[in-house]
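K.L.:
One structure is given below, represented as C-alpha cells, and several questions about it will come after.
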Amino acid sequence: SKNLFTYDPGFVSTAACESKITFIDGAKGILLHRGYPIDQLAEKSDYLETCFLLLHGELPTAEEKEVFVNTIKNHTMVHEQLNHFFNGFRRDAHPMAIMCGVVGALSAFYHDSMDISNPEHRIISAHRLIAKIPTLAAMVYKYSMGQPFMYPRNDLNYSENFLHMMFNTPCEEKAISPVLSKAMDRIFLLHADHEQNASTSTVRLAGSTGANPFACIASGIAALWGPAHGGANEAVLNMLEEIGDVSNIDTFVAKAKDKEDPFRLMGFGHRVYKNFDPRAKVMKQTCDEVLAELGMENDPLLKIALKLEKIATEDEYFIKRGLYPNVDFYSGIILKAIGIPSEMFTVIFATGRTPGWIAHWNEMISNDYRIGRPRQLYTGSPKRDYPSK
Ligand code: SDX
C-alpha cells in the first residue's frame with residue numbers, strides 16, 4: 038500500500054504508522070474493518086466473528102469460528118485472587134477507575150509466562166483479554182451494586198453471558214432476552230475498532246516500549262475515559278437529561294454556538310468524520326429496534342435526541358463545521374434501555390474496543406517497530422546562565 042503521507046522517519050513515532058486493520062474516510066463517512074463496511078458487518082456478522090477478523094485479517098471459516106468461540110468461552114473466568122483488588126475501592130468509585138486498576142492487575146496473573154516475541158503467546162494474550170474483560174466489567178458493576186460477582190456460564194453466547202454476569206444473582210438466574218443480547222452484541226461490534234484514535238494510539242505507544250499487552254490495554258482504558266473520547270457516551274446521556282424537554286433544545290444549541298462560553302454538544306463532532314459517523318446510523322437503527330421491542334418508542338430521552346439531531350444537522354453552524362452525531366450519540370439510550378447505568382457506559386465502550394486495541398498492538402509487535410517518541414516543538418526560554426550570587 039502506498040505511504041499515505043511522506044514523513045521524516047526520525048520524526049514520526051511508532052504509534053503513528055501504517056496499519057491494515059481499519060480504514061476511515063472522514064469526508065465520505067466510510068468505515069472498513071479489513072475492507073468490510075461496518076454496516077455489512079453489523080447486519081451479517083457478530084461481535085466475536087468481527088474480533089477474529091480484526092485480529093487475523095480474514096473472516097473465519099465455520100470451523101475456525103467454532104474453535105475461536107470455544108477458546109474465548111473457556112477463558113472467561115478470572116483468577117480468584119483478582120476479586121481481592123475490588124475491596125480496596127469505595128463502592129461508589131467511578132467504574133472506570135476500578136477498570137483501570139483491575140485490567141492493569143491482569144499483568145500480575147497472566148503475563149509472567151508470556152513472551153511477546155512469540156506470535157502464539159501474543160494471540161493467547163489477545164484471547165485472554167477478549168475473554169476476561171467482560172467478566173471484569175460485570176464485576177465492576179456488581180461491586181458498585183453491593184451484589185456478589187456472578188461466574189460466567191459456558192452455555193451462553195458472549196453477549197448473553199455478559200448480561201447474565203451483569204444482571205443475574207445467585208438467588209435468581211433469569212433467561213436473557215434475545216433482543217437485549219443482540220443489541221449488546223451490536224454495541225460491542227460497533228465499538229470494536231476505529232483506526233488510531235487517542236486510546237488506540239496510547240496502546241500502540243505503550244506497546245512500542247515492550248510493555249506487556251495487559252498493561253498496554255490498561256493504558257488505553259485510561260485514555261478512553263476522557264469526555265472528549267470514550268467518556269462522551271456517559272456525557273451524552275447526562276446532557277439529554279439536563280436538556281430535559283424538547284422545548285429546551287434551542288437554548289442548548291445556542292450555547293454550543295456561543296464563542297464566549299463554548300459548550301460542546303456531547304455526541305456531536307469527530308476528529309475525522311466531517312460527515313455522519315457510519316456507526317451512528319447503525320446505532321440509531323438499533324436504538325429504534327430495541328426501544329420498539331421494549332415498548333419504549335416514546336422514551337423521552339429518545340425524543341430529545343431525535344429532535345436535537347434534526348435541529349443540529351439542519352443548522353448552518355454545525356453543517357459548516359462538519360458536526361454530525363457520532364458513535365456515542367445514540368449508544369447511551371440503548372444501554373439505558375438495557376438497564377445499564379450511565380457511569381458504566383465507558384466501561385462498555387472499553388469492553389467493545391478491546392479487540393481493536395489488541396489487534397493494533399499485535400500488528401505493531403508482529404512487524405519491525407521502534408519505541409514511539411513523539412517529537413515536540415519547543416516554545417520555551419532560550420539558553421541562559423544561572424545568575425551569579
Ligand atoms: C470518540 O478518534 C476517534 O476515532 C474517536 C472515536 C473512536 O471510536 O475511538 O470515534 C470515539 O471519541 C467519538 C467522539 C466522542 N466525543 C464527543 O462526542 C464529545 C463532543 N465532541 C467534541 O468534543 C469534538 O467534536 C471532538 C473532540 C470529538 C473533536 O474535537 P475537535 O477535533 O477539536 O473538533 P474540530 O476541530 O473538528 O472542531 C471544529 C469546530 C470548532 O469550532 P471553531 O473553532 O471552528 O469555531 O467545531 C466546534 C469546535 O469548537 N465543535 C463543536 C463540537 N465539536 C467541535 N461545537 C459544539 N459541539 C461540539 N460537539
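Heads up: the sequence shown is residues 38 to 426, going by the UniProt record's numbering. Cβ atoms here follow ideal geometry from the backbone N, Cα and C, with glycine treated the same way.
(1) Cα separation between A52 and S256?
(2) Spell out a yes or no on whether the region 301-319 and the region 242-249 are touching, meaning 3 or more CB-CB pairs, one atom from each, closer than 8 angstroms.
(3) Hey, would you say the C-beta of M290 is under 7 angstroms away from at least one heavy atom of the ligand SDX?
(4) I want to check one thing, is the minimum distance from the CB of residue 11 to the heavy atoms of the ligand SDX below 7 angstroms?
(5) Is V384 a contact residue of the ligand SDX, with contact defined as CB to any heavy atom under 7 angstroms?
(6) Using 10 angstroms around the beta-carbon of Y354, count the other beta-carbons present and answer buried if the total reaches 16, otherwise exposed.
(7) Measuring only from the beta carbon, is D365 closer than 7 angstroms to any heavy atom that is part of the ligand SDX?
(8) Take every Cβ of the region 171-187, pair it with every Cβ of the region 380-390, and state whether three or more of those distances are shorter than 8 angstroms.
(9) May I ask you to list the residues that DSSP assigns as paired with F60?
(10) What does the Cβ neighbour count give for H121, buried or exposed, with the cut at 16 atoms within 10 Å?
(11) Between T98, F225, E209, which lies nearest to F199 when the distance is taken from Cα to Cα?
(12) At the level of alpha carbons, what is the spacing between L345 and P337?
(13) In three-state terms, what does DSSP make of P74?
(14) Which residues in the same chain have their Cβ closer than 8 angstroms to the Cβ of A134, if we skip the five residues on either side of it in sequence?
(15) Can you have a look at F105 and say buried or exposed, based on whether 16 or more other CB atoms are within 10 angstroms of its CB?
(16) Could you tell me if the beta carbon of N234 falls within a distance shorter than 7 angstroms of some heavy atom in the ligand SDX?
(17) Any idea what DSSP makes of P132, helix, strand or coil?
(18) When the Cα atoms are used, what is the spatial distance from G389 to I160?
(19) If contacts are defined as beta-carbon pairs under 8 angstroms, then P189 and T206 qualify, I think. What distance do you get, rounded to the angstrom?
(20) D222 lies in the alpha helix (DSSP H); which residues open and close that run?
(21) Where does T206 fall in DSSP's three states?
(22) Helix, strand or coil: how does DSSP classify I408 here?
(23) I'd like to confirm something about F305: is its beta-carbon nearer than 7 angstroms to some heavy atom of the ligand SDX, or not?
(24) Have a look at V327 and K169 and give me their C-alpha separation to the nearest angstrom.
(25) Does N124 pass the burial test, meaning 16 or more other C-beta atoms within 10 Å, or should it be called exposed?
(26) What are the start and end residues of the alpha helix (DSSP H) that includes D365?
(27) Have a look at S218, T108, A259, V139 and flag the residue whose alpha-carbon is nearest the alpha-carbon of Q118.
(28) Rounded C-beta distance between A220 and I375? I'm assuming under 8 angstroms.
(29) Beta carbon of A252, beta carbon of L302: below 8 angstroms?
(30) When you compare the region 74-94 with the region 390-403, are there three or more beta-carbon pairs, one atom per stretch, that lie closer than 8 angstroms?
(31) Relative to the C-alpha of V319, which candidate in Y195, L193, G66 has its C-alpha closest?
(32) What whole-angstrom Cβ distance do F305 and Y367 have, given they're in contact under 8 angstroms?
(33) Hey, how far is the Cα of I371 from the Cα of V216?
P.N.:
Result, derived from the coordinates:
(1) Because the pLDDT at A52 is just 44, under 50, the model does not fix this residue reliably, and the value given afterwards should be weighed accordingly. Cα to Cα, the separation comes out at about 14 angstroms.
(2) no
(3) Checking the displayed sequence, the identity of residue 290 turns out to be Val instead of Met. V290 Cβ: outside cutoff for every heavy atom of the ligand SDX.
(4) In the structure displayed, the chain extends from 38 to 426; residue 11 sits before or after that span and is not available.
(5) Outside the cutoff, so no.
(6) exposed
(7) Of the heavy atoms belonging to the ligand SDX, at least one sits nearer than 7 angstroms to the Cβ of D365.
(8) yes
(9) L69
(10) So H121 counts as exposed.
(11) When each option's Cα is compared against that of F199, the closest is F225.
(12) 12 angstroms
(13) strand
(14) F126
(15) buried
(16) yes
(17) The DSSP-derived three-state label of P132 is helix.
(18) 18 angstroms
(19) With a Cβ gap of about 15 angstroms, P189 and T206 do not count as contacting.
(20) 215-227
(21) Looking at T206 - three-state DSSP - the assignment turns out to be strand.
(22) coil
(23) Yes - the ligand SDX has a heavy atom lying nearer than 7 angstroms to the Cβ of F305.
(24) 27 angstroms
(25) exposed
(26) 365-375
(27) V139
(28) Going by Cβ atoms, the distance from A220 to I375 rounds to 6 angstroms, so yes, they are a contact pair.
(29) In this structure, A252 keeps its C-beta atom at 8 angstroms or more from the C-beta atom of L302.
(30) yes
(31) G66
(32) In fact, because the Cβ distance is near 12 angstroms, the residues do not count as touching under 8 angstroms.
(33) 11 angstroms
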